[in-house]
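Everything on this sheet refers to the single structure shown next.
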Amino acid sequence: MKKLFTLLTLMMITFSGYSQAIVINAGDVPLPAPIVNFDNLYGTNAGNPIPGNDQLWNYSSYFGDTLITAFYVPETDPFFTSNGVQFHTMVFKGLTATLGYFLNSEIAFLSSGIYEVGLSIQAAAFSLVPFTGNTLDSMIIPAQKQIFLSDKTIMEFPSTIGSGWHSSTRRFADFNLTVSAFGLNHTPGQHVYTTVRSDTIVGWGKMRVYTSSGPSIDYDVLMDKVHEYNVDSFYLGGAPASPFLLGAFGVAQGQHTNEAYFYRFNRKGNGSYPYLASFSYGADASYTALADAFINMNDLTTGSKDLRDVDYSTLIFPNPSNTNEINIKIIGREINVTDYAVIDLLGRNVQQGKVDNSSSGLITLSLNDNIGNGTYVIRLMNKEGREVVVEKVNFNRQ
């Protein structure tokens, strides 16, 4: 009887100390904020994460001090919303190191997973002088949009250790090509490509990341091992394009582009999309030569009193501004703002500098003359490099 009691006690101790694998369901991943900031860890010597069960990935001492801004724009076009799309984000489709085009990736959050279900392309025109030397040569891309016949799967629900998914998505971009040397004059063409993506959950545990207030809490995460690439094809006048023509632009039928091997750490709750952390290895299939790493800075907490726990608000004026100047007033708290950045809607940093006129909480920024009219995001940072204000502004100078 005593032996049986001892055995049961040992079993209870064993089970009470056993950690169960994390499961992420649809309700655990809310839509992202319209503006999400990422810290680029490149150059910090952050080590490679190791797959495994019940791990602690501690990156709380790594801070790259280089913030990248992504925009997740709520979708309003019925063409996409009728297919479940909630927002789009701009990405670049590269054909060569110097040739490519921007498109909007249309994203749908469904009960079964998160999917890219379509794309839209804004009208664009490119001079081909760098390739042909002829000022009359061009590629014109008309505005277009499409829903895929099969979606690209970004995440499946539920997901846990051992889960995996694969998708192959055909997509296209229409264009008109003028190349005098090949007798082409606004000849209709099509870039057809297939995006192939494979995901496998190879680890689970906790992740700790940097915040300016100290190490974050330990977030429950799943480690997603991803391989993604495109297979390109090109058509002119309804037939495969000549290899001689393609060679002049440094492209080829069936080429693999945008090849990417990377790990993503997925967590639950606000700030969980598109990931808590991402480690990219470029075209290195061994996942060893780290090329880039990013930490999602949105909705992080240390578990202690945080800067944003204290209420304050911002007033921005005039907005829109018909001059180069914009004023920002911080109300409710005295914050030592030291730096600013101006970001365009492609996520590019078009202007940055030091703030030297923040007396009484009023900050006046002046936009350079060479920056065009339009909508921009103003980011203000404190002396620790932490973002404390994010505001959209519109410049409409006469």
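Numbered by mature numbering (1 follows the signal peptide of the UniProt record, and there is no 0), the letters in the sequence shown go through residues -21 to -1, 1 to 377 in order. Even glycine gets a Cβ: it sits at the ideal position worked out from N, Cα and C.
Cutting at 7 Å between CB atoms, please list the residues of its own chain near Asn347, excluding the five before and the five after it. Within the same chain, Asn347 has close Cβ partners Gln330.
Nearest candidate by alpha-carbon position, reference Phe58, set Lys124, Ala262, Ser106: Looking at the Cα atoms, Lys124 is the closest of the given residues.
CB-CB under 7 Å to Gly22, same chain, minus the five flanking residues each way: which ones, in chain order? Hits under 7 Å: Gly43.
Between the beta-carbon of Tyr214 and the beta-carbon of Pro28, is there less than 8 Å? Not a contact, by the Cβ cut-off of 8 Å.
Three-state secondary structure (DSSP) of Pro57: Three-state result, Pro57: helix.
For Gly229 and Leu78, I'd like the C-alpha separation in whole angstroms. Note on geometry: alpha-carbon atoms of Gly229 and Leu78 lie some 9 Å from one another.
Contact set for Ser129: own chain, Cβ-Cβ below 8 Å, skip 5 residues either direction: Cβ within range, chain order: Ser146, Ser147, Thr148, Arg149.
Under the rule that 16 or more other beta-carbon atoms within 10 Å means buried, what is Lys362, buried or exposed? Counting Cβ neighbours within 10 Å, Lys362 comes out exposed, since fewer than 16 surround it.
Runs of 4 residues minimum, wholly inside the stretch 92 to 154: which ones carry the alpha helix (DSSP H) assignment? The alpha helix (DSSP H) runs of length 4 or more contained entirely in the stretch 92 to 154 are, from start to end of the chain, 108 to 111.
According to the neighbour-count rule (16 or more other Cβ atoms, all chains shown, within 10 Å of its Cβ), is Glu95 buried or exposed? Per the 10 Å Cβ criterion, buried.
In this structure, does DSSP put Asn4 in helix, strand or coil? Here Asn4 carries a coil assignment [DSSP, helix/strand/coil].
What's the call for Pro109, buried or exposed, on a 16-neighbour Cβ count within 10 Å? Only exposed fits Pro109, as fewer than 16 other CB atoms lie within 10 angstroms of its CB.
Taking 8 Å as the threshold (C-beta atoms), are Val200 and Phe154 in contact? Judged by beta-carbon spacing, Val200 lies beyond the 8 Å limit of Phe154, meaning their Cβ atoms are not closer than that value.
Inside the stretch 1 to 55 only - beta strand (DSSP E) runs reaching at least 3 residues: Complete beta strand (DSSP E) runs here, min 3: 14 to 19, 34 to 38, 46 to 50.
Rounded to the nearest angstrom, how far is the Cβ of Gly250 from that of Asn277, given a contact under 8 Å? Between Asn277 and Gly250 the Cβ distance is about 4 Å, and since that is below 8 Å, they are a contact.
Under the three-state DSSP convention, the category Gly244 falls into: The sequence given here places Phe at residue 244; Gly does not occur at that position. Look at Phe244 here: in three-state DSSP terms it is strand.
Beta-carbon of Asn328 versus every beta-carbon of chain D: anything under 8 Å? You won't find chain D in this structure, because it holds only one protein chain.
When the Cα atoms are used, what is the spatial distance from Phe374 to Asp323? Rounded to whole angstroms, Phe374 to Asp323 spans 12 Å at the Cα level.
Between which two residues does the alpha helix (DSSP H) holding Ala87 run? Careful: Ala87 lies outside any alpha helix (DSSP H), inside the beta strand (DSSP E) at 79 to 89.
Per the DSSP calculation, Leu359 is bridged to which residue(s)? Partner residues in the beta bridge of Leu359, as assigned by DSSP, are Tyr319, Val368.
Measure the CB-CB distance between Gly182 and Pro30 and report whether it falls below 8 Å. Contact: yes.
Using the Cα positions of Thr174 and Phe127, report the straight-line distance between them to the nearest angstrom. Distance between the alpha carbons of Thr174 and Phe127 is about 11 Å.
Looking only at C-alpha atoms, which of Leu341, Ala239, Gly326 sits nearest to Lys371? Relative to Lys371, the option among Leu341, Ala239, Gly326 whose CA is nearest is Gly326.
Take the Cβ of His67 as the centre, count every other Cβ of all protein chains shown within 10 Å, and call the residue buried at 16 or more, exposed below. Looking at its Cβ environment, which holds 16 or more other Cβ atoms inside 10 Å, His67 is buried.
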